[in-house]
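Participant: Chains as they are written, first to last, in the numbering used here: chain A, 26 to 377; chain B, 50 to 343; chain C, 57 to 355. Yeah, the Cβ is synthetic: ideal placement off N, Cα and C, and Gly gets one too.
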Amino acid sequence: MTITDAPARTGTALRIRGLRRTFGSAVALDGLDLDVAPGELLALLGPSGCGKTTALRVLAGFERPDSGQVLLDGEDIVPVPANRRDTGMVFQSYSLFPHLTAAENVAFGMRMRKVAAAERRTRAAELLELVGLPDHGGRYPHQLSGGQQQRVALARALALRPRLLLLDEPLSALDAQVRVNLREEIRRLQLELGITTVFVTHDQEEALSMADRVAVMRGGRLEQCATPAELYDRPATAFVASFIGTMNRIPGRLASDGQAEVLGVTLPVDGPAGGATAFLLRPEALDVTADGPDTVIGSSFHGASTRLRVRLADGTEVKADLPSHAAGAFGAGAAVTVRPQRRPVLVAGEEA
Amino acid sequence: MARLIPAGVRPWRGVVLGAAGLYFLVPLLAALVFTVDVPNQGFTLDSYTQIFSADGFTTALLLSLGLGLTTVALALLLTLPAALAVRLSGSGRLRAVLEVVCTLPLVVPPVALVAGIGTVLKWGPDHLASTPLYETFVAVQDPEFPIVLVLAYVVMALPFVYRSLEAGLRAVDVRTLVEAARDLGASWPRAIVSVVLPNLRTALLNASFLALALVLGEFTVAQLLGFQPFAVWIVQASGSNAQLSVAVSLLSLVLTWVLLLVLTAVFRTRAARSARAPRPAKNRSDKNKKEAGA
Amino acid sequence: MTTLTTSSSPGVGDALDARRPRRRGPRASGSWLAALPLLAFVALAFGLPAVAMVDGAFTVNGSYGLGNLDQSVHGAYRTALLGSLKLAATTAGIGSVLGLLLAQAVVTSRGRALREAVLTASGVLANFGGVPLAFAFVATLGNAGVLTTRLGLDRHGWSLYSFWGLTLTYLYFLVPLMVLTVAPALDGLRPQWREAALNSGAGAWQYWRHVGIPVLLPTLLGGFVLLFGSAFAAYATAAAMVGSSIPLVTLQIADALSGNVLIGQENVALALSLDMVLVAALVMAVHLPLQRRSARWLA
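Structural data, given as structure tokens:
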């Protein structure tokens, strides 16, 4: 391996147990349980106010939980002060010390640990090379672009070979193009170093594309923790279903055999059906054919696929994704028929 | 974040604030006591009731106000076109020149400035007695309304007025505003007056306040050139009635305070209205709060 | 003694301009024309006196020479110069420390009202130099002052008309000036820096030692020289309060100008003025780059 950061240990397991944190009467964390495997990248995803940032700050030691445990390789680190924890953190933005050069920023932690100057310099140079900025060590933060600053911040977070890497929306302040590049690079580095990582984001695309597993949070609780594919295909709750990707909510009825009848097609139901009157279907699970009672009211081109907006005969508006060559036939106002493909559907909760 | 500061460190803040409060309030209160509790007389409001009838008060105050308003007008009239020109043309050289020109007065303390002005004024009788310029020299030194003071005050106010306008112009995209107005058919002067100036109201107010406060309290130049506006009058009056001059000092402080409060209030309503694009950093902390509170 | 309350952030607008192509608008010559009245005015009202000052400072008995400047740094004038420097250094030093403490106390407090009140009050008090300030202190701590008589301070050897009396008075506008200068900088210290430092293993003390203070240093130094310049140039307060019982360069110049001393000393007064300008220029030369740097760091 060319990288000097070959994990000293074979990755660290993180277990979070019953984490609770309140601010006055507001509950930010309401008994959070979470397991992160050694070397895994876990994304904490949720709308703002869901407690994901608070969770990360508890891991870093910036917030003290009211109760609960944070176990790093089996040891509870809640009582350990932030500056003695083995965590490296990358902040959203503007976290580089403005009076220090990139190299000095990276070396800061080693200076605190009284590492010899020569060794600090060597290691800072290695880390800057690792994040793709070998020639930028002498620059000050204000001389670096936003993306470069975040790379330096990443190098700084890795400098002390932390057992746990914490990323607090590190890409959200960057331009779209830079964001995608850096996203891939963070993932590459994380895999190379095998470092256990928790990544907070409100951007589902980011979470789905980078993480081994995604933990969707709401109201200080965990809604679902699963691989991106599982989360997308088999959302455990209606909240997750509507939060991840796009969902159509289509009225239907429950047949006697427990199957659902939606738009004249009988479909298997995923999960308990109850007395459902509406079902959730992804845009790509809908077929559109020419002629019929439904009307196309608009379309947007997404390269290979095109998303049609269709008003059903009963007035419900749905979105359907078609290969672009097929969608070309349907302009606004075209009469069409929308039919679900034969896939399991989810029952719509009252809030979806 | 509160956890980062050990709880035991808190009391220092109370001590600092308490001591500061004492230091800043005691002289004001003591001065108030001084004016209403006169030895051998007991409690009296005479110091305040006498002010308006005091010899020379009205003249001095009116002179100061006149000088102040003239200074504000002249300073804005000179600075505004220049500052606008810098913004609109984007000329780096003009900008640098003005930056230097408007910083220079800070390098010359008022006492030094007045020494220079005094020297120039002496050239009048010395060298120019037989030329028409002499008339001008006499005119600018008319004790009824000494224009020479206005000249000195504009110079002294220049750095503050210019920077205040600069900051105001920075906050609005003047060029786009003007271009938009011109596209809609407004002439150049019309675009400036009806689009740019309203957007600069805060900066103009701020600059005016700074200049006005400077002139109303100015003592050095006026005294050394032998004129008697407000501040010089106070010192003169203190010889015969100490209570009176302290009372006037207190009142002038209150007046400044009220002026600034009014200005701050204007600022705040303006700021509230134009708080459209918060900086990312601000955004961040708001978001933190929201998350924490949700 | 007017204080700049608007902070400007240089560079923001420039970047904007740089990206823009030149478009129809007043040509460069037109913009110089717009600035012409200002430039002409400054040349007349500022340039002329400045030239007169320099000219006079170097004129000895009708011909050029260094006699006045030489005289201005010797004897009583030297004492006055040193007195002013000492007063300015002392008040600026104490004022900076107290201003920093007060600003930190205000910035870290939860109450918004307190913060607003202190900053507004600072805006007023920083401009509250000169005559009114002198009289407020005379009424409080002068020979017949309220505190002096009620607490019997005079029996303990207190005199307002002394170096320390003047120091106490100057601080009344210098401390608020420092508060106005450092409060934005303290606000600019990002919580992320503290957290990043903690995360890198620094304790609270190490954070201040390696991050907080170094980041604030340009502002603190800039504030110090600003206070220094302000105290050095102050005349009205001292003149209204102590007359000329304390040797200060501003009082000396005033004396010479009003003919209170030997005739023919006017040119020495001009030389003294030139000395002051040099000190003030030095102050600005230190202050401006520092201000620019801290604006860049804390923007």
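Quick test of the definition: if touching needs 3 or more C-beta pairs under 8 Å, does the region 220-232 of chain C touch the region 140-152 of chain C?
Facilitator: The region 220-232 of chain C vs the region 140-152 of chain C: in contact.
Participant: Check whether chain D comes within 8 Å of isoleucine 241 of chain B, counting only Cβ atoms and requiring the distance to be less than that.
Facilitator: Here the protein chains are A, B and C, and chain D is not one of them.
Participant: Taking a cut of 7 Å between CB atoms, which residues from the region 190-201 of chain A lie near chain C?
Facilitator: Under the 7 Å Cβ criterion, the region 190-201 of chain A contributes no residue.
Participant: Could you give the residue range of the alpha helix (DSSP H) that holds methionine 297 of chain C?
Facilitator: The count along the third sequence starts at 1 and reaches residue 297 of chain C at position 241. Where methionine 297 of chain C is concerned, the enclosing alpha helix (DSSP H) stretches over 292-298.
Participant: In the DSSP assignment, find the unbroken beta strand (DSSP E) run with alanine 315 of chain A in it and report its ends.
Facilitator: Within the first sequence, numbered from 1, the residue matching residue 315 of chain A stands at position 290. Counting along the chain, the beta strand (DSSP E) containing alanine 315 of chain A begins and ends at 311-327.
Participant: Scan the region 126-154 of chain A for residues whose Cβ lies nearer than 8 Å to a Cβ of chain C and list them as they occur along the chain.
Facilitator: Those residues of the region 126-154 of chain A that come within reach of chain C (Cβ to Cβ, closer than 8 Å) are Phe133, Gly134, Arg136, Met137 and Arg138.
Participant: By the 8 Å beta-carbon criterion, what residues does the region 299-311 of chain B contribute toward chain C?
Facilitator: Against chain C - using a Cβ distance shorter than 8 Å - the residues of the region 299-311 of chain B are Leu299, Ser301, Leu302, Thr305, Trp306, Leu309 and Leu310.
Participant: So, for valine 287 of chain A: in the same chain, excluding its five sequence neighbours on each side, which residues have a beta-carbon less than 6 Å away from its beta-carbon?
Facilitator: As a first step, residue 287 of chain A is located in the first sequence; it is residue number 262 there, counting from the start. Result list for valine 287 of chain A: Ile275, Gly277, Phe304 and Pro365, in chain order.
Participant: Return helix, strand or coil for methionine 242 of chain A, following the three-state DSSP convention.
Facilitator: Locating residue 242 of chain A in the first sequence gives position 217, counting from the first residue. Looking at methionine 242 of chain A - three-state DSSP - the assignment turns out to be strand.
Participant: Verify the CB distance criterion: does aspartate 30 of chain A have a CB-CB separation below 8 Å to chain C?
Facilitator: One-based indexing of the first sequence puts residue 30 of chain A at position 5. In this prediction, aspartate 30 of chain A scores a pLDDT of 48, lower than 50, which makes its location untrustworthy; no coordinate-derived value is stated.
Participant: Can you pull the chain C neighbours of arginine 250 of chain B, defined as C-beta to C-beta under 8 Å?
Facilitator: In the second sequence, residue 250 of chain B corresponds to position 201, counting from 1. Those within 8 Å of arginine 250 of chain B in chain C number zero; the least Cβ separation is about 14 Å.
Participant: If the cut is a Cβ gap below 8 Å, which residues of chain C does phenylalanine 83 of chain B touch?
Facilitator: To locate residue 83 of chain B, count along the second sequence from 1; it is residue 34. Chain C residues near phenylalanine 83 of chain B: Ala195, Thr196, Gly201 and Val202.
Participant: Give a yes or no on whether the minimum CB-CB distance between glycine 221 of chain C and chain B is below 8 Å.
Facilitator: Position 165 of the third sequence, counted from the first residue, corresponds to residue 221 of chain C. No - not a single Cβ of chain B is within 8 Å of the one on glycine 221 of chain C.
Participant: Any contact between the region 146-163 of chain A and the region 62-81 of chain A? By contact I mean 3 or more CB pairs, one from each, below 8 Å.
Facilitator: No, because fewer than three Cβ pairs between the region 146-163 of chain A and the region 62-81 of chain A fall closer than 8 Å, the two stretches do not touch.
Participant: What residues in its chain sit with their C-beta under 6 Å from that of aspartate 60 of chain A, if we drop five residues either side in the sequence?
Facilitator: Taking the first sequence and counting its residues from 1, the one referred to as residue 60 of chain A is at position 35. Around aspartate 60 of chain A: Arg40.
Participant: Could you tell me whether the Cβ of serine 165 of chain C comes closer than 8 Å to any Cβ of chain B?
Facilitator: Here the question's residue 165 of chain C lines up with position 109 in the third sequence. With 8 Å as the cut-off, serine 165 of chain C counts as an interface residue toward chain B.
Participant: Hey, how far is the Cα of glycine 56 of chain A from the Cα of glycine 244 of chain A?
Facilitator: By one-based count along the first sequence, residue 56 of chain A stands at place 31. By one-based count along the first sequence, residue 244 of chain A stands at place 219. When rounded, the distance between both Cα atoms is 11 Å.
Participant: Determine, for alanine 351 of chain C, whether the minimum Cβ-Cβ distance to residues of chain A falls below 8 Å.
Facilitator: Residue numbering aside, residue 351 of chain C sits at position 295 when the third sequence is read from its first letter. Judged by the 8 Å Cβ criterion, alanine 351 of chain C is not in contact with chain A.
Participant: Here's a check: name, in chain order, each residue in its chain whose Cβ is nearer than 6 Å to the Cβ of isoleucine 220 of chain A, leaving out the five neighbours to either side.
Facilitator: One-based indexing of the first sequence puts residue 220 of chain A at position 195. Hits under 6 Å: Leu190.
Participant: Can you give the beta carbon distance from threonine 293 of chain C to threonine 225 of chain C, rounded, assuming they're within the 8 Å contact cut?
Facilitator: Here residue 293 of chain C refers to the residue found at position 237 of the third sequence. Here residue 225 of chain C refers to the residue found at position 169 of the third sequence. Sure, about 6 Å apart at Cβ, within 8 Å.
Participant: Could you check how far apart the C-beta atoms of isoleucine 309 of chain C and alanine 325 of chain C are, in whole angstroms? I think they sit under 8 Å.
Facilitator: Residue 309 of chain C sits at position 253 when you count from the first residue of the third sequence. Residue 325 of chain C sits at position 269 when you count from the first residue of the third sequence. About 5 Å; that satisfies the 8 Å criterion.
Participant: Within this structure, are the beta carbons of proline 345 of chain B and alanine 289 of chain C separated by less than 8 Å?
Facilitator: Residue numbering for chain B in the displayed model covers 50 to 343; residue 345 of chain B lies beyond these limits and cannot be assessed.
Participant: Could you check whether the Cβ of valine 61 of chain A sits closer than 7 Å to any heavy atom belonging to the ligand NAD?
Facilitator: Inclusion of the ligand NAD in the displayed structure is not the case, the ligand content being empty and no account of it being possible.
Participant: Quick one: using the 10 Å Cβ neighbour count with 16 as the cut-off for buried, is glutamate 342 of chain A buried or exposed?
Facilitator: Residue mapping note: residue 342 of chain A aligns to position 317 of the first sequence, counting from 1. Burial call: exposed.
Participant: Just confirm the distance between the C-beta atoms of phenylalanine 224 of chain A and leucine 96 of chain A, as a whole number of angstroms; I'd bet it's less than 8 Å.
Facilitator: Within the first sequence, residue 224 of chain A is the residue found at index 199, counting from 1. Within the first sequence, residue 96 of chain A is the residue found at index 71, counting from 1. No, phenylalanine 224 of chain A and leucine 96 of chain A are not in contact; Cβ-Cβ is about 19 Å, not under 8 Å.
Participant: Just checking: is the beta-carbon of proline 188 of chain C within a distance shorter than 8 Å of some beta-carbon in chain A?
Facilitator: Here residue 188 of chain C refers to the residue found at position 132 of the third sequence. No, its Cβ sits nowhere closer than 8 Å to a Cβ of chain A.
Participant: At 3 residues or longer, and completely inside the region 41-121 of chain A: list those beta strand (DSSP E) runs for me, N to C.
Facilitator: Listed in chain order, they are 51-61, 66-70, 92-97 and 112-115.
Participant: Along chain C, in chain order, which residues have C-beta atoms closer than 8 Å to that of arginine 181 of chain A?
Facilitator: Taking the first sequence and counting its residues from 1, the one referred to as residue 181 of chain A is at position 156. The contacting residues are Ala252 and Ser256.
Participant: State the start and end residues of the unbroken beta strand (DSSP E) segment that holds threonine 196 of chain C.
Facilitator: Within the third sequence, numbered from 1, the residue matching residue 196 of chain C stands at position 140. Counting along the chain, threonine 196 of chain C falls outside any beta strand (DSSP E), though it belongs to the alpha helix (DSSP H) covering 186-197.
Participant: Expressed to the nearest angstrom, what Euclidean distance is found between the alpha-carbon atoms of valine 245 of chain B and valine 52 of chain A?
Facilitator: Translated into the one-based positions of the second sequence, residue 245 of chain B becomes position 196. Translated into the one-based positions of the first sequence, residue 52 of chain A becomes position 27. The alpha-carbon atoms of valine 245 of chain B and valine 52 of chain A are separated by roughly 48 Å.
Participant: Against alanine 107 of chain A, what residues of chain C qualify as contacts under a CB-to-CB distance less than 7 Å, listed in chain order?
Facilitator: Here residue 107 of chain A refers to the residue found at position 82 when the first sequence is read from its first residue. Within chain C, the residues near alanine 107 of chain A are Leu254 and Asn255.
Participant: For alanine 188 of chain B and isoleucine 196 of chain B, what's the separation of their Cα atoms in angstroms?
Facilitator: In the second sequence, residue 188 of chain B corresponds to position 139, counting from 1. In the second sequence, residue 196 of chain B corresponds to position 147, counting from 1. Each residue's Cα considered, the two are about 8 Å apart.
Participant: Give the straight-line distance between the Cα atoms of glutamine 229 of chain A and methionine 272 of chain A, rounded to the nearest whole angstrom.
Facilitator: Within the first sequence, residue 229 of chain A is the residue found at index 204, counting from 1. Within the first sequence, residue 272 of chain A is the residue found at index 247, counting from 1. Roughly 14 Å separates the two Cα atoms.
Participant: Between leucine 155 of chain B and the rest of its own chain, which residues show a CB-CB distance below 7 Å, the 5 nearest in sequence each way excluded?
Facilitator: Position 106 of the second sequence holds residue 155 of chain B. Within the same chain, leucine 155 of chain B has close Cβ partners Pro208.
Participant: Using a Cβ-Cβ cut-off of less than 9 Å, list which residues of the region 130-141 of chain B approach chain C; keep chain order.
Facilitator: Hits within the stretch, in order: Pro130, Ala131, Ala132, Leu133, Ala134, Val135, Arg136, Leu137, Ser138, Gly139, Ser140 and Gly141.
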